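What follows is a single structure, written as structure tokens, with notes after it.
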Amino acid sequence: MHLALGDVVRDQTDMALGTVVGVATQAGVSSLSRVAVHVPGGSVRLSDPYDLEIVARHARPTTARRGLATLVVLAVAVLAAVLGCLYAHTAGADWLLMFLAGLGAFAAVTATYHLAVRLTGPRRFRV
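Add 35 to the 1-based position in the sequence shown for the working numbering, that's all there is to it.
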């Protein structure tokens, strides 16, 4: 199971909801880890990972800066698609090859953006 700090989980033993605040490992045992869950009332409980069920994932709200970056990347991707179509047309390509060149240019730009978002997104840890 992959968890991130801030995920809302339900403990199956007593159906208590809580928020993941960390992972505690036992000294000397590398494979045994417990998840620290903040439950209502201000206490922190250590639970086994197989007793937890994910209820909601923590997601940061989209900022204006990231929204602007998305629009800029979309504009660059459309420009790359148009240029790919034009270059394929000047090379004497048929309409299908022009379309595929434009699609490939668009996909290359958007895939790079999605990779960057994935690398800078919230970290999930395996328990």
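Think of the CB as a built atom: it goes at the ideal place given N, C-alpha and C, for glycine as much as any other residue. Given the structure is predicted, the values throughout are model-derived calculations rather than measurements.
Looking at ASP46: is its Cβ nearer than 9 angstroms to the Cβ of THR54? The residue given as residue 46 occupies position 11 in the sequence shown. The residue given as residue 54 occupies position 19 in the sequence shown. Contact: no.
Give, in chain order, every unbroken run of the alpha helix (DSSP H) that is at least 4 residues long and sits entirely within the segment 106-157. 130-155
Looking at the structure shown, is ALA104 part of a helix, part of a strand, or coil, going by DSSP? Stepping through the sequence shown from its first residue, residue 104 is reached at position 69. Three-state result, ALA104: helix.
So, is LEU81 buried or exposed, given that buried needs 16 or more other C-beta atoms within 10 angstroms? The sequence position of residue 81 within the sequence shown is 46, counting from 1. Exposed, since its Cβ has fewer than 16 Cβ neighbours within 10 Å.
Exposure of GLY102, with buried meaning 16 or more beta-carbon neighbours within 10 Å: Here residue 102 refers to the residue found at position 67 of the sequence shown. Its Cβ having fewer than 16 others within 10 Å, GLY102 is exposed.
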